[in-house]
Amino acid sequence: MRAWHKMRGRFFWRIGALLAVLSILACGGFATLFWLLGVIDAPHAIPYAARPFRIIPFVFILAGLILAARALRRAASPVGDVMEATTRVAEGDYTVRVVERGPREVRALAHAFNSMVARLQAHDEQRRSLLADVTHELRTPLTVVQGNLEGLLDGIYPRDDAHLEPILEETRVLSRLIDDLRTLTLAESGALKLQKEPTDLAMLASETVASFQAQADAAGLELDADVGPGLVLEVDPARIRQVLENLIANALRYTPRGGAIRVQGSIQGAHATLSVSDTGAGIPPGDLPHIFDRFYKSRDSRGTGLGLAIAKNLVLAHGGEISAQSELGKGTTIHLTLPLTT
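Using my numbering, the final residue of the sequence shown is 690, and nothing's skipped along the way.
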């Protein structure tokens, strides 16, 4: 901001200097004009040999006016381009760009404008993509619910638990999707309210792992937690639990029978670290940089593509960081760090 204020000051100083020069030249031009008129009325007041040179001051002043006007036009024309482009952006055209020309300050303004419009265009494309993805994710459970209900009403299916339970399960899928979308929207917009309180991460991790133990046993997986004692942080326990739940659920989904999933935690410097590691198939290198993007799913993904995006935004809301390491055939580890003082 200080740099922008400095450049803006220099730009207005140049404009002011040009206006001052124009004013001085204009006054000189009028003075020369009056002098010429006086010479015309009294031509004998000037020696005959000097009479041919009486137009020279007027020529210099006229040339100065032309040069000053060109300099002013050179500075103002790019600003006009930005104003015209701003009108097009206001009308919804995010493809417009302005040529970066003119003084250094004006070029900086044009560059900032182009960067802003590029971000607006990217956000607009993300919004359109999000709408398309949400529509796709909602269509599948709604189709299942609609098809089953029509079958029940038409008498094709008997009205028993075997046919009502899939409908109930799909409504749960819809409810989870809506809750996930709401959480993600609040987190991305910065409107998510965290209810921070002193939280024992070892206890939180153990309780979260215990809630998945039956599912892990049924899948033939080893699931345990190893978080050092005394790891107490000011966090929102419900949101950190949600992060761990998303990470453990992903690990359970992609770890084959006989594998292991471990939740570990410790203190490193001014941060607490938590990690969820598995011995699953791993993530392809081409997919790894995008796994925290919303609705991003690999070819074999069976989720909604929101779990890791939500985990990332909840960790960022706590002032922490999240990252992933993976190797095909050996498994994946998700690391997250949280500041000890938040």
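The beta-carbon is built from N, C-alpha and C at its ideal position, and this holds for glycine as well.
The structure displayed is predicted, hence computed values, not measured ones.
Item: As assigned by DSSP and simplified to three states, the class of Asp502; Value: coil
Item: Residue of Gly576, Asn598 and Ala539 minimising C-alpha distance to Ala564; Value: Asn598
Item: Distance CB(Ile682)-CB(Val624) smaller than 8 Å; Value: yes
Item: Cβ distance (whole Å) where Ala553 is taken to contact Ala573 below 8 Å; Value: 4 Å
Item: Proximity to His638 [Cα-Cα], best of Thr627, Leu656 and Thr621; Value: Leu656
Item: Nearest candidate by alpha-carbon position, reference Gly576, set Asn661, Ala562, Leu549 and Val591; Value: Leu549
Item: Inside the segment 543 to 608 only - beta strand (DSSP E) runs reaching at least 3 residues; Value: 545 to 548, 570 to 575 and 580 to 583
Item: The segment 578 to 590 in contact with the segment 535 to 550 per 3-pair CB rule at 8 Å; Value: yes
Item: Cβ pair Val437, Val444 closer than 8 Å; Value: yes
Item: Own chain, CB closer than 8 Å to Ile596, minus 5 neighbours either side, in chain order; Value: Thr556, Val557, Phe560, Leu571, Ile609, Val611 and Val624
Item: Pro632 and Leu676 closer than 8 Å at C-beta; Value: yes
Item: Three-way DSSP call (helix, strand, coil) for Arg610 in this model; Value: strand
Item: 8 Å Cβ cutoff met for Ala672 and Leu636; Value: yes
Item: Cα-Cα separation, Arg524 to Ala456; Value: 46 Å
Item: Ser674 burial status per 10 Å Cβ neighbour count (16 or more: buried); Value: buried
Item: Gly630 and Lys678 closer than 8 Å at C-beta; Value: yes
Item: Where Tyr396 sits in the DSSP three-state scheme; Value: With a pLDDT of 48 at Tyr396, under the threshold of 50, the modelled position of this residue cannot be trusted; read the value that follows with caution. The answer is helix: DSSP assigns Tyr396 an H, G or I state.
Item: 8 Å Cβ cutoff met for Ala458 and Pro489; Value: no
Item: Inter-residue spacing [alpha-carbon to alpha-carbon] between Gly617 and Val580; Value: 14 Å
Item: Coarse secondary structure for Pro426, derived from DSSP in three states; Value: helix
Item: Contact under 8 Å by Cβ, Leu654 with Leu486; Value: no
Item: Phe640 versus Glu669 - alpha carbon distance; Value: 12 Å
Item: Buried or exposed (CB count within 10 angstroms, at least 16 for buried), Ala480; Value: exposed
Item: Selected residue, minimal CA-CA separation from His484, among Val591, Leu688, Thr685 and Phe643; Value: Phe643
Item: Per-residue DSSP class, three states only, for Glu669; Value: strand
Item: Other residues of its chain near Thr491: CB distance less than 7 Å, five sequence neighbours each side excluded; Value: none
Item: Distance, Leu664 Cα to Glu536 Cα; Value: 10 Å
Item: Exposure label - His471; buried when at least 16 CB within 10 Å; Value: exposed
Item: Buried versus exposed, by CB contacts within 10 Å (16 or more), Gly634; Value: exposed
Item: DSSP beta-bridge partners of Leu684; Value: Leu622 and Ile670
Item: Rounded straight-line distance, which links the Cα of Arg530 to that of Tyr505; Value: 35 Å
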